[in-house]
Structure formats: structure tokens, C-alpha cells
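Numbering (the working numbering), first residue to last: 40 to 207.
Backbone N, C-alpha and C define an ideal beta-carbon position, used for all residues, glycine too.
Here the structure is a predicted model, which is why all the values come from computation and not from measurement.
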């Protein structure tokens, strides 16, 4: 009988511990990769990497942080992107700006805002012809996280030509 009470106590603490860890990790501020689904159900891998695009993003969008994520998806594919930014609510930033989406020619790409069943903000976007596409998530106009979507097998030579055009 003693064993049982100890066990249920233990279970309760264990559960509490897990729940707290969960909460703390999301409080780890902006540092979480965006969640990307292709056609709303296929997960798309996304890596934190500023080596390739850091300088372009700094120049084109004025963002110098390291919250730069790179994913790959075919031109024309439909993506659902959750930027995973804590306590982020675009409706409070209509004036100041919360998202810029641009193709590698510097043209705006349409991203449709919505909310998922957990009330996270998500964006539907179609990968444009001119990749890479840049999604710059902002907190009241200030960039806080950038997602770059390349088309698979994108070569460096193509990157350099496209990047020259975006520099204004």
C-alpha cells in the first residue's frame, strides 16, 4: 500500500516535471524552427543556417540575427508555415508590419494568414518561380526570424545571379 502511494506521487511529480520542461522550452524565446507542411500534411525539413544567406538577408532586410532557417520545396508547391514565434500576434501589428515575403527578384509573394486549431498563426504560401523565397517574420516591423525556401538542387551559380537582383 505504501508502495502505491509513493508511486502515484512519483507519477504526479514526473508529469509536472515534463509539463514544466515543455513550457520552459517554448519560453526559449524565438529560437525554434518554423514548422512547415507541404499540401498541409507533409512535413518539410527546416535547418537553422545563416552561412548561405546571412549577408543577403542583412543587406536586403536589415536582419543580422542568427534566426535564419532554410528549407527546400519545389517551385509551385503549397506550403503552410508556422513561424513558431512565442506570443506573436500579427493582428496587433497591422500598422507596423509582421511579415515580408519576397522572391529572389525582389517581388512580393502573397502569403495568406490564418490560424490553426491551437490558435497559432500560420501562413499559406506558394513557392514562386524565382527561388529562393524569403519569409521575413517581424515583431512590430523589426525582423525576428527569417525562413528561406529554396527549390531542391538549387546551385550556387543561380543563387548569385538571383541575389544580385534583390540588392536595391
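Exercise. Check whether the Cβ atoms of residue 121 and residue 74 sit closer than 7 Å, and answer yes or no.
Key: Translated into the one-based positions of the chain shown, residue 121 becomes position 82. Translated into the one-based positions of the chain shown, residue 74 becomes position 35. Cβ atoms of residue 121 and residue 74: closer than 7 Å.
Practice problem: Consult DSSP for residue 141 and reduce its assignment to one of helix, strand or coil. | Solution: The residue given as residue 141 occupies position 102 in the chain shown. Three-state DSSP puts residue 141 in a strand.
Self-check item: Local conformation of residue 129 per DSSP, three classes
Solution: Residue numbering aside, residue 129 sits at position 90 when the chain shown is read from its first letter. Helix.
Quiz item: When the Cα atoms are used, what is the spatial distance from residue 101 to residue 177?
Solution: Taking the first residue of the chain shown as position 1, residue 101 is located at position 62. Taking the first residue of the chain shown as position 1, residue 177 is located at position 138. Cα to Cα, residue 101 sits roughly 11 Å from residue 177.
Self-check item: Close Cβ partners of residue 109 (< 6 Å) along its chain, the five nearest in sequence each way excluded
Solution: Indexing the chain shown from 1 puts residue 109 at position 70. Taken in chain order, the residues that qualify are 86, 88 and 187.
Quiz item: Where does residue 193 fall in DSSP's three states?
Solution: Here residue 193 corresponds to residue number 154 of the chain shown, with the count starting at 1. In the structure shown, residue 193 sits in coil (DSSP, three-state: anything other than H, G, I, E or B).
Quiz item: Does the separation of the CB atoms of residue 148 and residue 155 fall below 7 Å?
Solution: Within the chain shown, numbered from 1, the residue matching residue 148 stands at position 109. Within the chain shown, numbered from 1, the residue matching residue 155 stands at position 116. In this structure, residue 155 does not lie closer than 7 Å to residue 148 by Cβ.
Quiz item: Given that a residue counts as buried once 16 or more other Cβ atoms are within 10 Å of its Cβ, and exposed if not, what is residue 131?
Solution: Here residue 131 refers to the residue found at position 92 of the chain shown. The residue is exposed, with fewer than 16 neighbouring Cβ atoms inside 10 Å.
Quiz item: Which residue comes first and which comes last in the alpha helix (DSSP H) that contains residue 98?
Solution: Within the chain shown, numbered from 1, the residue matching residue 98 stands at position 59. First-last of the alpha helix (DSSP H) with residue 98: 93-100.
Practice problem: Classify residue 123 as buried or exposed, calling it buried when 16 or more other Cβ atoms lie within 10 Å of its own Cβ. | Solution: Walking along the chain shown from the start, residue 123 turns up at place 84. So residue 123 counts as buried.
Quiz prompt | Residue of 179, 125, 119 and 139 minimising C-alpha distance to residue 164 | solution = Counted from its first residue, the chain shown places residue 164 at position 125. When each option's Cα is compared against that of residue 164, the closest is 119.
Quiz item: So, using beta-carbon positions, are residue 160 and residue 129 closer together than 7 Å?
Solution: Within the chain shown, the letter at position 121 stands for residue 160. Within the chain shown, the letter at position 90 stands for residue 129. Closer than 7 Å, so yes.
Quiz prompt | Reference residue 152, options 111, 162, 134 and 127, closest by Cα | solution = Working through the chain shown from its first residue, we reach residue 152 at position 113. Of the listed residues, the one whose Cα sits closest to residue 152 is 162.
Quiz item: Nearest to residue 79 by CA position, among 117, 106 and 72, is which residue?
Solution: By 1-based counting over the chain shown, the position of residue 79 is 40. Checking every option, the nearest Cα to that of residue 79 belongs to 117.
Self-check item: Selection from 125, 105 and 81 that minimises the alpha carbon distance to residue 158
Solution: Numbered from its first residue, the chain shown carries residue 158 at position 119. Considering only alpha carbons, the answer is 125.
Practice problem: Can you tell me which of 106, 111, 172 and 81 puts its alpha carbon nearest to the alpha carbon of residue 93? | Solution: The count along the chain shown starts at 1 and reaches residue 93 at position 54. When only C-alpha atoms are compared, the closest one is 106.
Exercise. Have a look at 95, 115, 183 and 185 and flag the residue whose alpha-carbon is nearest the alpha-carbon of residue 168.
Key: Numbered from 1 along the chain shown, position 129 holds the residue referred to as residue 168. Looking at the Cα atoms, 115 is the closest of the given residues.
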